[in-house]
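Numbering (my numbering), first residue to last: 15 to 291. Following: one structure in structure tokens, then a few remarks.
Below is the structure:
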């Protein structure tokens, strides 16, 4: 890591630029840090395997602790084998009655030339520091707006043609205040999607620091845990309004809990009542 400690808000800004696909020279110039320092932080980011959303949801203190304790990698074959042992037994270590002493006894019995208990515990503690923390997400006012579509569509009858027209239901919710916005739109295509997002911004009377879509095709061209590719139209929309796009990770319900709860409320309070009429 760099010798000089960096302010955590500045580090978040630098990592945000990285996740947006900016090259190292641009990040170095915009962030006001050397390229070697930047490489050190990106190396740590890869070691910790944190996504853009992980970084945004970490407090400054949590982020500082993670980056300060990160440079932990097995240096030889023996240490690498021990590292793999920890990974293999990660779930088992959470069971009641299972301790690291029991794990060490099993380890040294299988390999009498292995590390003694003190070194074993030292490696275990270092490995433990690398694991992604389980944290309670604290939302700041104006920080994030979560967006998604409900699964079911609504429908109406065109008065002139008599045709049944189906519409998508767009849902947005602010992380801190839980203020929600719901709108029926023609489709999930990028034009309707961007228009719905813009309508939500007008409704809220401001722009949050980040929009969090659920890997919608109209927002995310290619999903990825670390470097998702944002749809060009939505990226231009984000640049125009000055917010960051932080797609949720696949199979990570915690990332989108707020909007999923709002979708359920939309079903019970709006969609179901309209369908029953």
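For each residue, glycine too, the CB sits at the ideal point set by N, CA and C.
- For residue 226, the uninterrupted beta strand (DSSP E) segment begins and ends at 224-227.
- Distance from the CA atom of residue 40 to the CA atom of residue 50, rounded to whole angstroms, is 13 Å.
- Runs of the alpha helix (DSSP H) lying entirely within the segment 25-49, each at least 4 residues long, are 38-45 in chain order.
- Look at residue 248 here: in three-state DSSP terms it is helix.
- Contact between residue 159 and residue 222 holds: their C-beta atoms lie close to 4 Å from each other, under 8 Å.
- Counting the other CB atoms within 10 Å of its CB gives residue 64 a total of 16 or more, which places it among the buried residues.
- In the displayed model, residue 58 falls within a helix according to three-state DSSP.
- The continuous beta strand (DSSP E) containing residue 162 extends over residues 158-163.
- Excluding sequence positions up to five before and after residue 201, its CB lies within less than 7 Å of the CB of 182, all in the same chain and listed in chain order.
- DSSP, read as helix, strand or coil, puts residue 182 in strand.
- With the rule of 3 Cβ pairs closer than 8 Å, the segment 274-287 counts as touching the segment 155-175.
- At least 9 Å separates the beta-carbon of residue 198 from that of residue 187.
- Excluding sequence positions up to five before and after residue 25, its CB lies within less than 8 Å of the CB of 55, 77, 81, all in the same chain and listed in chain order.
- Sixteen is the threshold: when 16 or more other Cβ atoms of the shown chains lie within 10 Å of the Cβ of residue 69, as they do, the residue is buried.
- For the options 216, 274, 208, 213, the alpha carbon positioned closest to that of residue 252 is the one of 208.
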